[in-house]
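Chemist: Position one of the first sequence corresponds to residue 6 (the working numbering), numbered consecutively onward.
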Amino acid sequence: MSNFINPVKSAVAELKELITDAFGRLVAEGKIPAVAIPAFNIEVPANQAHGDFSSNAAMVCAKPLKLPPREIATLLCGALVLEGSHFKKSETAGPGFINFFLSEKWFSKTVKDIITAGNDYGKSSIGNGKKILVEFVSANPTGPMHIGNARGGALGDCLCSVLSAAGFCVSREFYINDAGNQIEKFADSLEARYLQIFNKEHEMPESAYQGEDITEHAKNFADIHGDKYAGENSALRREALVEYALPLNIKKLDDDLSKYRITYDKWFRESTLHESGEVERITELLKKSGYTYEQEGALWFKTTAFGDEKDRVLIRANGVPTYYVPDIAYHYDKLVTRGYDTAVDIWGADHHGYVPRMKAALQALGIDPDRLKVIIMQMVRLVKNGEAYKLSKRSGKAVTLETLLDEIPIDAARFFFNLREANSHFEFDLDLAIEKTSKNPVYYVQYAHARICSIQAKSREEAGVSGELPQTSNLIPPTTEEELALIRHLAAFPDTIELAAADYDPSPLTRYSMELASLFHKFYAQCRIKDAEPDLMNARLALCDAVKITLKNILDMMKIECPEVM
RNA sequence: GCGCCUUUAACUCAGCAGGAUAGAGUAACUGCCUUCUAAGCAGUAAGUCAUUGGUUCGAAUCCAAUAAGGCGUGCCA
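Given below as structure tokens:
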């Protein structure tokens, strides 16, 4: 499935070998004492003048070798054999760094490898086929989704793509809280609105959902059933109302999320855990774990034994389980019953205190708590005309996902929400998101893609060839700094995916795409393609192709369109 | 009170398994379209990396304390 082309990794591995060989040679020649060489790093210097890679090998050896770092660096440089490698030059610099410069061959090879890999370029196998279940959005089915769900959706969906690209076997899941207190509250609200239709005096409970969607449900229900349920007993009436409205709400969630380009592998209903007896079974398992006790008529779980700040109630004194129990049952289902290696949950920051609680329960059940990875997402602050934008025109309530997508393109929403890491307080500039200029990062990146498409078409036309360019068999090496910088960055793509996957954070990829677009635009401004010499034109078209492939691979992951014309 | 998160240029943010002169975009100011998409490029200016200590050859990065802000701390979810 995945190609193992990682131009940076292979270069780094080669360098480590070259340096180790050089040490060996120095020892053999008696120039340095034979002591254990400490681990050293190969890194990409911030400053390009310092080469393509640099190593601190000489610096970390200063102590064991009892020699000044610069002297060691000079010795190492003398002992390095670069012939036949992908490097053309090494030099000592600064406090004792050794800087390495890649040969032109490496650059040509990288371009060729990317084109060969195509859709697979960037994929990695670090996931090793491990099964990951990512649960995200899981919005309350009692009402519309809000702006936090919009962030969670874009983040979760993109994270799934990243993990897939990194070689994990990923499932997307939505957990529907269709049981418990909030459904009771939903029933309260619907019932009150329904009864109000026939009796204006009827009062709405203060704790009820006040949104217009509730009123609409009640009205539509009354259109179908009239006052038939007004005289019924409350339990029947509530049941009928919930049975009517809940599926509509769930359908709406699904519809809205589909518009947002999110489709789940599974919608998991909390109610099934109650119906199947799993909730009771988990309660028994927890009791058996020895970490529960009864107090004041309630059943408590000793979360303090696992570092939480206080113990928590599992079963209320009235015999009804708190939300905690089905949640534990749900995670048990993910990690044990269904056997996922890892469960990733994306939660709003207001739930962060819940993390130690959930992990404590897993531990009590003998499950490694590290198998649950909770991504905490900080709040989003919408800004319009330089001011906080809090209210939605339609409902007068918090801005809904639907309202947001009315205001800005889906591409922009998905891109913007992945611009920052989840755990950063996020300011979303609505004016910027709809702007069609280079200020808007989405357009900037898409424009690079469209530009390449245009160049390719024009150049082929000019050369009078029928789609046969570029020929990658014999690329002439790049020479300009713009080309070199662009290829260096292309080569870093697989590492960026691995980094994003390891941190469960897609945002490095978003920023990577902006940098790639920027380097491409610079290259475009500086290097002619259409009227270049045939060999040069071919090489540059190949480079364009490699950029286009990489851009497309990223935008596909984010489910953002790759326009050929803008 | 206790816990988690945040604090880097005027604004929004990168950088944080310690490394060589702290980066980008926006806003401000200058240039560049008879030449492959100006939705673009080039340039100028902008910093006490919240503060104070510590760790060491070296700290925006690690540790501690302080300050400011956000969020938690329910027999709500």
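Think of the CB as a built atom: it goes at the ideal place given N, C-alpha and C, for glycine as much as any other residue.
1. What are the partner residues of residue 261, as DSSP defines its beta bridges?
2. Indicate the three-state DSSP secondary structure (helix, strand or coil) for residue 426 in the structure shown.
3. What three-state label does DSSP hand residue 401 in the structure shown?
4. Using C-beta distances below 6 Å, list every residue in its chain close to residue 93, excluding the 5 sequence neighbours before and after it, in chain order.
5. For residue 122, which of 184, 496 and 103 has the nearest alpha-carbon?
6. According to DSSP, simplified to helix, strand and coil, what is residue 595?
7. Leaving out five residues before and five after residue 78 in sequence, what residues of the same chain have Cβ atoms less than 6 Å from its Cβ?
8. Give me the Cβ distance between residue 120 and residue 70, rounded to the nearest whole Å; I'm assuming they're in contact under 8 Å.
9. Count the C-beta pairs between the segment 453-470 and the segment 186-198 that are closer than 8 Å, then say yes if the count reaches three, no if not.
10. Tell me residue 1's beta-bridge partners as DSSP assigns them.
11. Can you find the residues in the same chain that come closer than 7 Å, C-beta to C-beta, to residue 144, ignoring five residues on each side of it along the sequence?
12. If contacts are defined as beta-carbon pairs under 8 Å, then residue 183 and residue 274 qualify, I think. What distance do you get, rounded to the angstrom?
13. Taking C-beta to C-beta, are residue 334 and residue 262 nearer than 8 Å?
14. By Cβ distance, which residues of its chain are closer than 6 Å to residue 234, with the 5 residues on each side in sequence left out?
15. Could you tell me if residue 16 is buried or exposed, where buried requires 16 or more neighbouring beta carbons within 10 angstroms of its beta carbon?
16. Under the assumption that residue 270 contacts residue 177 (Cβ atoms under 8 Å), give the Cβ distance between them as a whole number of angstroms.
17. On the DSSP bridge assignment, give the partners of residue 104 in chain order.
18. Counting C-beta neighbours from all protein chains within 10 Å, is the total for residue 493 16 or more, i.e. buried, or is it exposed?
19. Could you tell me which of 329, 519, 370 and 415 sits nearest to residue 565, measuring between CA atoms?
20. Reducing DSSP to helix, strand and coil, say where residue 146 ends up.
21. If we count the other Cβ atoms within 10 Å of its Cβ and call it buried at 16 or more, is residue 2 buried or exposed?
22. Helix, strand or coil for residue 176? Go by DSSP, reduced to three states.
23. Quick one: using the 10 Å Cβ neighbour count with 16 as the cut-off for buried, is residue 159 buried or exposed?
24. So the alpha helix (DSSP H) residue 328 belongs to, where does it begin and stop?
25. Measuring alpha carbon to alpha carbon, tell me which of 528, 88, 41 and 476 ends up nearest residue 19.
26. Along the alpha helix (DSSP H) that carries residue 284, what are the first and last residues, could you check?
27. Roughly how many whole angstroms lie between the Cα atoms of residue 374 and residue 513?
28. Tell me where the alpha helix (DSSP H) around residue 299 begins and ends.
29. Less than 8 Å between the CB atoms is what I'm expecting for residue 172 and residue 134, so what's the real figure, rounded?
30. From residue 85 to residue 45, what does the alpha carbon distance come to, in whole angstroms?
31. Look at the Cβ atom of residue 297, then the Cβ atom of residue 304, and state whether they are nearer than 8 Å.
32. My understanding is that residue 532 touches residue 485, with C-beta atoms under 8 Å, so please give their C-beta distance in whole angstroms.
33. State the Cα-Cα distance for the pair residue 507 and residue 175, rounded to the nearest angstrom.
34. Taking the C-alpha atoms as reference points, what is the distance between residue 58 and residue 95?
35. Just how far apart, CA to CA, sit residue 563 and residue 131?
Modeler: With the structure as the only source:
1. Note: residue 261 sits in no beta bridge, so no partner.
2. coil
3. With a pLDDT of only 48 at residue 401, under 50, the local geometry of the prediction cannot be trusted, and no value is derived from it.
4. 106 and 108
5. 496
6. Since the displayed the chain opens at 6 and closes at 571, residue 595 lies outside it and no answer follows.
7. 63, 97, 101 and 103
8. Between residue 70 and residue 120 the Cβ distance is about 45 Å, and since that is not below 8 Å, they are no contact.
9. These segments do not touch.
10. Outside the shown range of the chain (6 to 571) lies residue 1, about which nothing can therefore be said.
11. 150, 154 and 258
12. Between the beta-carbon of residue 183 and that of residue 274 there is about 5 Å, and that keeps the pair under the 8 Å contact cut.
13. no
14. 242 and 245
15. buried
16. 5 Å
17. 59 and 96
18. buried
19. 415
20. coil
21. A question about residue 2 goes unanswered here, because the residues of the chain that appear run from 6 up to 571.
22. strand
23. buried
24. Looking at the DSSP string, residue 328 is not in any alpha helix (DSSP H), and its letter there is neither H nor E.
25. 88
26. 283-294
27. Rounded to the nearest whole angstrom, the C-alpha separation of residue 374 and residue 513 is 27 Å.
28. No alpha helix (DSSP H) holds residue 299; the beta strand (DSSP E) holding it covers 297-300.
29. 7 Å
30. 16 Å
31. yes
32. 6 Å
33. 14 Å
34. Computed Cα separation, rounded: 10 Å.
35. 20 Å
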